[in-house]
Amino acid sequence: MPLPKTHDLHLYGSINGHEFDMAGGGSGDASNGTIVTKLTSTKGALKFSPYLLIPHLGYGYYQYLPFPDGPSPFQAAMLDGSGYDVVRTFDFEDGAKLTIEYKYVFEGTNIKGEFKAGFLEIFFAEMTGTGFPDDGPVMTSQIVGQDRCVSRTRYTADNNTMIDSFEWTYNLKDGRRYLGNGASKYMFKRPVQAVNIKMDPIFVYRKCDVTATKTEVTLDEVETAFYTV
49 MPLPKTHDLH LYGSINGHEF DMAGGGSGDA SNGTIVTKLT STKGALKFSP
99 YLLIPHLGYG YYQYLPFPDG PSPFQAAMLD GSGYDVVRTF DFEDGAKLTI
149 EYKYVFEGTN IKGEFKAGFL EIFFAEMTGT GFPDDGPVMT SQIVGQDRCV
199 SRTRYTADNN TMIDSFEWTY NLKDGRRYLG NGASKYMFKR PVQAVNIKMD
249 PIFVYRKCDV TATKTEVTLD EVETAFYTV
């Protein structure tokens, strides 16, 4: 199976009980880690900051991420058709939480993404967030951007699982930042290749440029993996 060129995404769910539904997709270049994703709301204006969705539009599609010495484990799982699943959690500084499950279906060079928080359903992505204060930056739409991010990824003893951790910081209108701690678990259907395990730990740098309104979100992302400097 070839590496990806395009992807589809249906992202829906609720934040503090406010339901939303967004659909769209995009394209990317699996040789250099670039990806563009655009989603449009099908249920009118969002009741929370659209920037909350950013790490679930690009970070979910690691199939576009090459490793320094060849295909990444994510690309290898697409090339051999075995695939992988992801579970990710976010714990924010004000006590809010997100739990997201990611699944994929490959159709030639197109990826259909199912990213779901709290639950799981084929071809869809449901994101559920709780505990965001009514007067906090998410519910009052004070977020205007996000910092660049580096995650640290390790392999577990069974060679079928990778885990990562990272800090995710949003920029606010008043110049402050809003911090969340992220952690992911990647579960592969086949063991990770030895050439990748030798690069343990590996770090992934990401830069996200975002255009967002209450009805549309566009992400232009660049990601690079490295294990030495």
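Residues 49 to 277 in my numbering are what the sequence shown lists, from first letter to last. The C-beta atom is built at its ideal place from N, Cα and C for all residues, glycine as well. Note that the structure is a prediction, hence the values are computed from the model and not measured.
Own chain partners of residue i with C-beta closer than 6 Å, once the 5 adjacent residues on each side are dropped
i    : result
N64  : F180
D195 : T217
D268 : V84 and D257
Y253 : V198 and T272
L168 : Because L168 sits at a pLDDT of 27, beneath the cut-off of 50, its placement in the model cannot be relied upon, and the following sentence gives the value as read from the coordinates. The answer, listed in chain order, is E149.
For residue i, the residue or residues it bridges with in DSSP
i    : result
D133 : M235
Q194 : Y218
Delimiting residues of the alpha helix (DSSP H) encompassing residue i
i    : result
M126 : P121 to L127
Cβ pair residue i, residue j closer than 8 Å
i    : j    : result
V265 : L105 : yes
Y152 : G131 : yes
L59  : L101 : yes
F68  : M187 : no
V277 : K255 : no
Own chain partners of residue i with C-beta closer than 7 Å, once the 5 adjacent residues on each side are dropped
i    : result
K221 : Q190 and V192
M126 : M49, L51, P52, Q111 and F154
A260 : P98 and Y99
Range covered by the beta strand (DSSP E) that runs through residue i
i    : result
T209 : T209 to L220
L267 : E264 to F274
A93  : Here A93 belongs to no beta strand (DSSP E), and DSSP marks it neither H nor E.
A260 : I250 to A260
Local conformation of residue i per DSSP, three classes
i    : result
Y203 : strand
L146 : strand
L113 : coil
G65  : coil
L227 : strand
L105 : coil
L59  : strand
Beta-carbon contacts of residue i that lie in its chain and below 8 Å, excluding the five residues immediately before and after
i    : result
F251 : V198, S199, R200, T201, A273, F274 and Y275
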